[in-house]
Structures are given as C-alpha cells and as structure tokens.
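Chemist:
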Amino acid sequence: MRFMMFMYPEIEEKDWVPTAEGVAEMGRYNEELRKAGLLLSLDGLQPPSDGGVVSFDGAGTATVTDGPFAEAKEVVGGYWLIQARSKEEALEWASRCPDSNCRIEVRRIFEMEDFPQEVQDAYEGP
Amino acid sequence: MVRDVGLAEDLAQDALVAAMEKWPESGVPDNPGAWLMATAKNRAIDRMRREKNYERKREEVAHDTGLLFALERSDFEAAADDEIGDDLLALIFTCCHPVLSREARVALTLRLLGGLTTPEISRAFLASESTVAQRLVRAKKTLREAKVPFEVPRGAELDERLPSVLEVIYLVFNEGYAASAGEDWVRTDLCEEALRLGRILAELAPQEPEVHGLAGLMEIQASRNAARRGPNGEPVLLLEQDRGHWDPLLIVRGRRALERAEALPKPIGPYGLQAAIAACHAGAIRAEETDWVRIAALYEALGQIQPSPIVELNRAVAVGMAFGPEPGLALLAEIEDEPALADHHLLHSVRGDLLEKAGRHEEAVSEFKKAADLTQNDRERELLLRRAEGDG
C-alpha cells in the first residue's frame, strides 16, 4: 500500500529555504527511506508566495489568487510518496523525520480496488 | 570479536536459527541485521563464559575486527549504514542459498525478509499452513547441516549465487502478478513485497547490473497493474491495454533502474534485457507505435545469453510485427519440435496469428482450434475460439 507523507513546516515563510545542515540531515533520512525500499518519490516545494490559488464558487466560476499570501501557515512544504506494509509502518517512518519544526500528515493512497465496482467501471471507460 | 572464522560463522548461523525460531512469535524486528548481530554477540559471550576464558577473550573483543565489528563501534548509527546493510545482504543470500529447494528459498525469504507470517505465506502460495511450516523447519535444518556460512559471497561466488536471489524475488513478484486483482489481498501484497526487496537489493548491491535490471523489470511490469484486467476481471493483453492507465511513476522508476544497469561496466543480463523490452512497450504511447524492430533485436540478444523456446516464441512475435508474418513463421518453424512447446497453446496461437496476417485463413483457423484445445484458461479458450470463427 502506498502513502503520501505531507510535510507542513511550522516556520515563517522568510525561513523557507533550508540550511545546508538541514538539507544534509534530511538527505540522510531520505537515504534511509530509500535503503529500506520504501521511497517511491519525494519533492520539496517552493514557498507558497511563488504559487497561486484557484478557488471555485460552486457555479462553475474559477477565481485565481496570486501569492504572496498574508498567512503562510498550514501549507504543504514537501512530500514523500512511499510504499509501506501498513499504516503503522508509515507512521513509524514519519516519526523518524529529523526536522522537528514541522508536522507530517500520513495519508493512504487510493488504489483502484479500494473503490466500489461502479467507480472502477467508470474508470475502465466504455 | 571471535578470531576463529569457523566459530564466527557458527555463531552467526546460531543467530539466524534463533531468528527463525523467535521471529515467528515476536515478529521480525525493525532492523533484522542489527538484531542478528546482537543475538550473535550474546551467543558469543555465552559461549566464551562457558569456556571460562571470558576475561581474556574480552580483551580481544576490544581490539578485534571481523563479523561482529559493528557492535563495538561507538557510532552505531553510522555503522548501521554499511556493516548492517551487509548483514541484511548476507541474510538475503542465506535465505536464497542453493542448498535449499526453490520453494524453501521463497518461503524463507518471505518469512525472514518480507516479514510475512506462516499463514500469510500459505495463503499466498495456496499451500497448507503445515506444509509451509514444515518447509521452514526443513530449510532451517538444511542450512544448519550444510553449515552454510552467513556471509555475502564475493567475486566469482557472488556471480554464481546472485541469480538464485534474483530468481526468488522474481518468483515472488510473478506469484503476485499472475493472481487476479483483489482475489486475495496477500497475493497483491506479494508484488509489493518483491518490489520492495528488489529496491532494497538495488541499494545494497548497486554495482550489479542485474539487480537494477530486475528492479526495472518489476517496476515497469507493475506499472501496468491497473490496465491488466477488464471490467469483469478478464485479462487484457498488453497491446490492448489502455495505456492511459499505466502508472507513469513506476515507468519512470523502471527506466531509471535500467539506466543504472546500463551505466555499469558489467554487461546487462537477462533481467536487464527483459527490462529493456518492457521499457520499449512503456515508451509507446499507442500500441501501433511500438518499436518492434528494437524488441526483436532485444529478444535475439536474450536468446543468445539465455536460450529458451519461450524466448524464441516471443522473438517470432516481435519479428512478425517488425518484418511481416513470413519471417515470423520461419522462426516458428525452427522451434516447433521443441519438447517444451509440444503441448503449449502459445505456439499455436502465435502461428495462427501470423498465418492470419499472411492471409492463410484456413490454416490459421486450425491453429486457433489447436490452441483452444490446449489452453487451461477458460477465458483464453473463448478468445481463441472467437478468433477461429474469424472474429477478434
């Protein structure tokens, strides 16, 4: 089963770019994940001010809001996509993350067989 | 810690046997390598105490190197990176030792490295729990009696024993891959377990091209998982799969593994070549865009290093697609008397296909009928009979 581990940095946006030391430490952690055969992919995200938000009004109209944003909390800073044997194993690995100024949310990824048959049929197409 | 290599091996062997006895109840520890070394160390100390030479031997402990070296290092975490990695690798090689039967290797690998329980292994391989339990007990005994050294083979011996490790991992993968989706969760898990072992091995033995070849092959095959079954669970052939459902992440990972294999000084072997063939299919956005000329060449290379009628059969398909039905039929004529293919439906269905393309409809019908008689699979029989009637 696959899990997405979302990392929410608990820092100010001005501190977004990590230090060399922090990167080296995280690199070792990522290497451990790789050696354990868990790591499928990972990325770190640029600060939210460089991005934008698209919101919908429920009637088919999309509104684009560009950064910077006043509030930078509760945004994703990066993710790991891993394959683990259980949720417990994924949580255990998440808790070994060397960065203590963050929160990590571990979410299981939907696989096709998790859906009801009618949803699977829709995916298969006509 | 122990100067006597024989004794060191015995101790490691004891540790492995202890692991086989203890892990079924307590579960496989987080880091099996570290656990084994700790156990081996404890047993070494026990034995030394019994020998009443404890104090003197203890002196040696501080200075000696060898099998249990890592435990004496203060920076245990750093040691974990290399020596324990080696220990894990030694465990893989021990589980896949050629003194064991193929079934025993698979069971032991899943038990000790995959952390599956005996009931899970028995469900995965449709064997009774007692059969699997016995298999594990016998494997344990065989390893002990053969005094298999607990180590990573080097040089020529590594080349000799690596195929057995790769074979076990690929067998586990295929056992899962061949199972129908969702039929039994354990079987789907086997694919993931094999992929994980393959990925671990790629990090532990990165200098071996076949290790990356196998990892690449499994990644790309697994990328097709969502496209391999139709709405009613029927198998969908590669060329008819909806390629939009292939998992691009796994394809990228498979390609990367293949690139790693190709970048090494040693030539790629059968797994690397099969991965290259799989990558060719993965690279075609539509089935019609498949590079059959390259696939035919890859099968030819595969046939040279691992001659097999099944490889030749696949080559005939590729040649037929690349150069037309006649050269494909010519290749089939060379292998039609192979005993391995005598009762194989594939020979007939492939020939039927090539004959049909060559416009020899009546001969094609007779081949499809022969294939339908020989296949064990009901759905495949239906498909072949439909083709015999000129449909599909």
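Going down the list, the protein sequences come from chains A and B.
The first sequence begins at 105 in the numbering used here and counts up one residue at a time.
The second sequence begins at 790 in the numbering used here and counts up one residue at a time.
Each residue gets a CB set at the ideal place from its N, CA and C atoms; glycine is no exception.
Computed from a prediction, not measured in an experiment: that's the story for all the values here.
1. For His1257 (chain B), decide whether its Cβ has a neighbour in chain A, counting only Cβ atoms nearer than 9 Å.
2. Using a Cβ-Cβ distance under 9 Å, would Glu178 (chain A) count as near chain B?
3. Does the stretch 1006-1019 of chain B come within contact of the stretch 923-938 of chain B, defined as at least 3 CB pairs closer than 8 Å?
4. Three Cβ pairs or more, each shorter than 8 Å: is that satisfied between the stretch 1130-1148 of chain B and the stretch 1102-1116 of chain B?
5. Take the Cβ of Thr898 (chain B) as the centre, count every other Cβ of all protein chains shown within 10 Å, and call the residue buried at 16 or more, exposed below.
6. Return the CA-CA distance between Glu798 (chain B) and Arg1049 (chain B), expressed in angstroms with no decimal places.
7. Do Pro172 (chain A) and Glu117 (chain A) have their C-beta atoms closer together than 9 Å?
8. Expressed to the nearest angstrom, what Euclidean distance is found between the alpha-carbon atoms of Phe107 (chain A) and Ser919 (chain B)?
9. If contact means a Cβ-Cβ distance below 9 Å, which residues of the stretch 982-993 of chain B contact chain A?
10. Evaluate Val158 (chain A) with the Cβ neighbour count: other Cβ atoms within 10 Å of its Cβ, from every protein chain shown; 16 or more gives buried, anything less gives exposed.
11. Say yes only if the C-beta of Val1106 (chain B) is nearer than 8 Å to one or more non-hydrogen atoms of the ligand NAP, and no if none qualify.
12. Would you mind giving the Cβ-Cβ distance between Val937 (chain B) and Val895 (chain B), rounded to the nearest angstrom? I have them listed as a contact below 8 Å.
13. Compare the Cα-Cα distances from Pro998 (chain B) to each of B:Ala1046, B:Tyr966, B:Arg943, B:Glu1089 and report the closest residue.
14. Do Lys139 (chain A) and Ile989 (chain B) have their C-beta atoms within less than 9 Å of each other?
15. Taking 9 Å as the threshold (beta carbon to beta carbon), is Gly1117 (chain B) in contact with chain A?
16. With a cut-off of 9 Å, does the C-beta of Asp876 (chain B) fall near any C-beta of chain A?
17. Are there 16 or more other CB atoms within 10 angstroms of the CB of Tyr227 (chain A), so buried, or fewer, so exposed?
18. In the stretch 1022-1068 of chain B, which residue ranges form an unbroken alpha helix (DSSP H) of at least 4 residues, counting only runs that do not cross its ends?
19. Using 8 Å as the cut-off, can you tell me whether the stretch 131-148 of chain A makes contact with the stretch 977-992 of chain B, which would need three or more C-beta pairs spanning the two stretches below that distance?
20. Thinking C-beta only, is Leu1173 (chain B) closer than 9 Å to Gly1141 (chain B)?
21. Per DSSP, which residues does Cys206 (chain A) bridge with? Please list them.
22. For the pair the stretch 1056-1068 of chain B and the stretch 1029-1048 of chain B, tell me if three or more CB-CB distances fall below 8 Å.
23. So which of B:His1134, B:Gly1179, B:Leu877, B:Ala1153 has the shortest CA-CA distance to Glu1169 (chain B)?
24. In chain order, what residues of the same chain lie with their CB nearer than 7 Å to the CB of Pro113 (chain A), ignoring the 5 residues before and after it?
25. Could you give the DSSP three-state label for Gly904 (chain B): helix, strand or coil?
26. Quick one: give me the first and last residue of the beta strand (DSSP E) that Leu149 (chain A) is part of.
27. Note down, in chain order, each residue of its chain lying with its Cβ closer than 6 Å to the Cβ of Val888 (chain B), except the 5 sequence neighbours on either side.
28. So what does DSSP say about Trp184 (chain A), is it helix, strand or coil?
29. Are the C-beta of Ser145 (chain A) and some C-beta of chain B separated by less than 9 Å?
30. Run the CB neighbour count on Leu1026 (chain B), radius 10 Å, all protein chains shown included, and call it buried at 16 or more, exposed below.
31. To the nearest angstrom, how far is the alpha carbon of Cys884 (chain B) from that of Pro122 (chain A)?
32. Using the beta-carbon of each residue, which ones in chain A are nearer than 8 Å to Leu1038 (chain B)?
33. List the DSSP bridge partners of Ala166 (chain A).
34. Taking 9 Å as the cut-off, decide whether the C-beta atoms of Leu1130 (chain B) and Leu1091 (chain B) are in contact.
35. Straight-line CA distance for Glu949 (chain B) to Leu955 (chain B)?
36. Can you tell me where the alpha helix (DSSP H) with Leu889 (chain B) in it begins and where it stops?
Modeler: According to the structure data:
1. Outside the displayed range of chain B (790 to 1181) lies residue 1257 (chain B), so it cannot be described from this structure.
2. In the first sequence, counting from the first residue as 1, residue 178 (chain A) sits at position 74. Not an interface residue.
3. In this structure the stretch 1006-1019 of chain B does not lie against the stretch 923-938 of chain B, because fewer than three pairs of beta carbons, one per stretch, are closer than 8 Å.
4. The stretch 1102-1116 of chain B and the stretch 1130-1148 of chain B touch, with three or more beta-carbon pairs separated by less than 8 Å.
5. Taking the second sequence and counting its residues from 1, one reaches residue 898 (chain B) at position 109. Classification for Thr898 (chain B): buried.
6. As a working note, residue 798 (chain B) is residue 9 in the second sequence. As a working note, residue 1049 (chain B) is residue 260 in the second sequence. With a pLDDT of only 47 at Glu798 (chain B), under the threshold of 50, the placement of this residue in the model should not be trusted, and no figure is reported.
7. Along the first sequence, read from residue 1 onward, the residue named residue 172 (chain A) stands at position 68. Along the first sequence, read from residue 1 onward, the residue named residue 117 (chain A) stands at position 13. In contact: Pro172 (chain A) and Glu117 (chain A) (Cβ atoms closer than 9 Å).
8. Here the question's residue 107 (chain A) lines up with position 3 in the first sequence. Here the question's residue 919 (chain B) lines up with position 130 in the second sequence. Roughly 34 Å between the two C-alpha positions.
9. Listed by position along the chain: Glu982, Leu984, Arg985, Leu986, Gly987, Arg988, Ile989, Leu990, Ala991, Glu992, Leu993.
10. In the first sequence, residue 158 (chain A) corresponds to position 54, counting from 1. Val158 (chain A) is exposed by the Cβ-count criterion.
11. Here there are no bound small molecules, and the ligand NAP is not part of this structure.
12. For the purposes of this step, residue 937 (chain B) is taken as the residue at position 148 of the second sequence. For the purposes of this step, residue 895 (chain B) is taken as the residue at position 106 of the second sequence. 17 Å between Cβ atoms; not a contact.
13. What you label residue 998 (chain B) is simply residue 209 of the second sequence in a count that begins at 1. Out of B:Ala1046, B:Tyr966, B:Arg943, B:Glu1089, the CA that lies nearest to the CA of Pro998 (chain B) is found in B:Ala1046.
14. As a working mapping, residue 139 (chain A) is identified with position 35 in the first sequence. As a working mapping, residue 989 (chain B) is identified with position 200 in the second sequence. Cβ distance < 9 Å, so Lys139 (chain A) and Ile989 (chain B) count as in contact.
15. Indexing the second sequence from 1 puts residue 1117 (chain B) at position 328. Judged by the 9 Å Cβ criterion, Gly1117 (chain B) is not in contact with chain A.
16. Start at 1 with the first residue of the second sequence, and residue 876 (chain B) comes out as number 87. Not an interface residue.
17. Locating residue 227 (chain A) in the first sequence gives position 123, counting from the first residue. Looking at its Cβ environment, which holds fewer than 16 other Cβ atoms inside 10 Å, Tyr227 (chain A) is exposed.
18. Secondary structure within the stretch 1022-1068 of chain B: the alpha helix (DSSP H) runs of 4 or more consecutive residues, fully enclosed, are 1037-1052 (chain order).
19. Contact holds: three or more Cβ-Cβ distances are below 8 Å.
20. Here the question's residue 1141 (chain B) lines up with position 352 in the second sequence. Here the question's residue 1173 (chain B) lines up with position 384 in the second sequence. Yes, the pair counts as a contact, with Cβ atoms nearer than the cut-off.
21. Along the first sequence, read from residue 1 onward, the residue named residue 206 (chain A) stands at position 102. According to DSSP, which records beta bridges pairwise, Cys206 (chain A) is partnered with A:Pro113.
22. With the rule of 3 Cβ pairs closer than 8 Å, the stretch 1056-1068 of chain B counts as touching the stretch 1029-1048 of chain B.
23. Taking the first residue of the second sequence as position 1, residue 1169 (chain B) is located at position 380. The shortest Cα separation from Glu1169 (chain B) among B:His1134, B:Gly1179, B:Leu877, B:Ala1153 belongs to B:His1134.
24. Position 9 of the first sequence, counted from the start, is the residue given in the question as residue 113 (chain A). Sequence-distant partners of Pro113 (chain A) (beyond 5 residues in either direction) whose C-beta falls short of 7 Å from its own C-beta, in its chain, are Gly181, Asn205, Cys206.
25. Walking along the second sequence from the start, residue 904 (chain B) turns up at place 115. Secondary structure at Gly904 (chain B): coil, using DSSP grouped into helix, strand and coil.
26. As a working mapping, residue 149 (chain A) is identified with position 45 in the first sequence. Neither: Leu149 (chain A) is in no beta strand (DSSP E) and is coded neither H nor E.
27. Looking up residue 888 (chain B) in the second sequence gives position 99. So the list reads Thr931, Ala935, once near-sequence residues are dropped.
28. To locate residue 184 (chain A), count along the first sequence from 1; it is residue 80. It is a strand residue.
29. The sequence position of residue 145 (chain A) within the first sequence is 41, counting from 1. At a cut-off of 9 Å between beta-carbon atoms, Ser145 (chain A) makes contact with chain B.
30. Along the second sequence, read from residue 1 onward, the residue named residue 1026 (chain B) stands at position 237. Counting the other CB atoms within 10 Å of its CB gives Leu1026 (chain B) a total below 16, which places it among the exposed residues.
31. Along the second sequence, one-based indexing puts residue 884 (chain B) at 95. Along the first sequence, one-based indexing puts residue 122 (chain A) at 18. Distance between the alpha carbons of Cys884 (chain B) and Pro122 (chain A) is about 43 Å.
32. For the purposes of this step, residue 1038 (chain B) is taken as the residue at position 249 of the second sequence. Below the 8 Å Cβ cutoff, chain A contributes Leu144, Ser145, Leu185 as neighbours of Leu1038 (chain B), in chain order.
33. Along the first sequence, read from residue 1 onward, the residue named residue 166 (chain A) stands at position 62. Under DSSP, Ala166 (chain A) forms a beta bridge with A:Phe160.
34. Position 341 of the second sequence, counted from the start, is the residue given in the question as residue 1130 (chain B). Position 302 of the second sequence, counted from the start, is the residue given in the question as residue 1091 (chain B). By the CB criterion at 9 Å, Leu1130 (chain B) and Leu1091 (chain B) fall outside the cutoff.
35. In the second sequence, the residue the question calls residue 949 (chain B) occupies position 160. In the second sequence, the residue the question calls residue 955 (chain B) occupies position 166. Annotation: Glu949 (chain B) to Leu955 (chain B) spans about 11 Å, alpha carbon to alpha carbon.
36. To locate residue 889 (chain B), count along the second sequence from 1; it is residue 100. Counting along the chain, Leu889 (chain B) falls outside any alpha helix (DSSP H), and DSSP gives it neither H nor E.
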